[in-house]
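Numbering-wise, the sequence shown is residues -2 to 390 according to our numbering.
Just so it is clear, CB atoms sit at the ideal spot from N, CA and C, and this is done for glycine as well.
Nothing here was measured: the structure is a model prediction, and the numbers come from that model.
Below you'll find the structure, written out as structure tokens, and then a few comments.
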Amino acid sequence: MVKFIPNEDGFYGEFGGAFIPEILKENIQELKDSYSDIIDSKDFKEEYLNLLQDYCGRPTPLYYAERLSEKYNTNVFLKREDLNHTGAHKINNTIGQILLARKLGKKRIIAETGAGQHGVATATVCARFGMECTVHMGAKDIERQAPNVGRMKLLGANVIAAISGSQTLKDACNEAINDWVNSSDDTFYILGSVVGPHPYPDMVAKFQSIISYEIAEQFKEKTGKDSPDNIIACIGGGSNATGAFYHFINDNSVNLYGAEAAGMGIDTDKHAASLSKGEIGILHASRSYILMDKEGNVKDSYSISSGLDYPGIGPLIAHLYKSKRINCVAVTDNQALKAADNLMKTEGIIPAVESSHALAVLDEIKFDKNETVVVNVSGRGDKDLETYLNRLN
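And the structure:
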């Protein structure tokens, strides 16, 4: 069995931890001491699950993709996280964290975002609960994800451009942490993925585990079987993949596939393939696989997908990969675009570019005609229309 609950220091095997500045230790300790008791309480669970149902629209469908199944000569199901309120799985986590922030008496919320989906989800829950919201976003991502920037601003968020480094998700994380350091007393950091210092990876994993919980129930209802043969999800930081895999981690009858961003190819410098090409190091207060140069400096990552353009990976995903529990498939920009076009034309669904990386695994792995494959469609492609129109026409 693979251990997927961290130890008291926040480690999954050799990955994880909380390598934080002294000024944040009190905040992190407050979270460590309280988060489990709060989120496991009956009142919290009831409010959280009610909001997921009545506000977000859960459960999201598990859809049998008939034409896609015919094309690949296997049985393809799509977990429709794109049908969530705000258009992605991110809302599962932001609702949980803002409820926790309220329990801790925090008044101001900060977040980082890459593709903008986490930023929108954070701005959404802040508007819902009447809390001040600041979202840090890479300057390049602000340009390529303009629709989501507009949505955040309409929801009342203050969007601040990260202009250092590669001006992408890594730098947005840096700026959010700096913000937290300078305003830690009244501020809660809603971190968007299963990265960062403990207890964030465990906390986000638990909030996103609703995905695999629903997959298990829905799959049995539709097929009479306890579990699918295969589950595929894209991995940037790893939140949607962790959510899709969580309840199946110790069910070895289920093959788990993580699709990471190979960009222009993993043999180039233009990729975000942290598992395929990374080394063990520390990034954003956690020990994991990271893209580094020979001197040990974090390298700039690249992907057509802002949400996967991150030079690291969450510690649980790193642990599952080293334990050989998940299979990693590196997917290039062009492969992802082809997969997106295929889904649009066969099923009438426009996926996020992030989700298209997961869909591309269907072209890379040959599944038997009797097998069942669940692909987690982590988000919808409204934000990526310009990319698709420019690259697919």
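Classification of residue 26 by the beta-carbon crowding that lies within 10 angstroms, buried from 16 upward: exposed
Where the alpha helix (DSSP H) containing residue 80 begins and where it ends: Neither: residue 80 is in no alpha helix (DSSP H) and is coded neither H nor E.
Spatially closest choice to residue 253 from 325, 315, 190, 219, by CA coordinates: 325
Three-state class that DSSP yields for residue 287 in the structure shown: strand
Reduced DSSP secondary structure (H/G/I, E/B, other) of residue 308: coil
For residue 299, the three-state DSSP class (helix, strand or coil): coil
Reduced DSSP secondary structure (H/G/I, E/B, other) of residue 28: helix
Endpoints, beta strand (DSSP E) assigned at residue 105: 105 to 110
Residue burial classification, residue 172 (beta-carbon count within 10 angstroms, cutoff 16): buried
Three-state class that DSSP yields for residue 348 in the structure shown: strand
Within the segment 217 to 248, ranges of the beta strand (DSSP E) (whole runs, at least 3 residues): 227 to 231
Contact the segment 90 to 97 vs the segment 113 to 129: 3+ CB pairs below 8 Å: yes
C-beta atoms of residue 295 and residue 288 nearer than 9 Å: yes
Element boundaries [alpha helix (DSSP H), containing residue 41]: 39 to 48
Cβ separation of residue 187 and residue 95, assumed to be a contact under 8 Å, to the nearest whole Å: 7 Å
Own chain residues within Cβ distance below 6 Å of residue 337, not counting five before or after: 348, 353
Uninterrupted alpha helix (DSSP H) stretches inside the segment 154 to 229 (no shorter than 4 residues): 166 to 179, 197 to 205, 207 to 220
Exposure label - residue 114; buried when at least 16 CB within 10 Å: buried
Neighbourhood of residue 219 by C-beta, 6 Å cutoff - its chain only, sequence neighbours within 5 removed: none
Best match in 106, 234, 335 for proximity to residue 313 [C-alpha to C-alpha]: 234
C-alpha gap between residue 224 and residue 176, whole angstroms: 43 Å
Exposure of residue 265, with buried meaning 16 or more beta-carbon neighbours within 10 Å: exposed
Touching by the beta-carbon criterion (3+ pairs, under 8 Å), the segment 366 to 383 and the segment 67 to 78: yes
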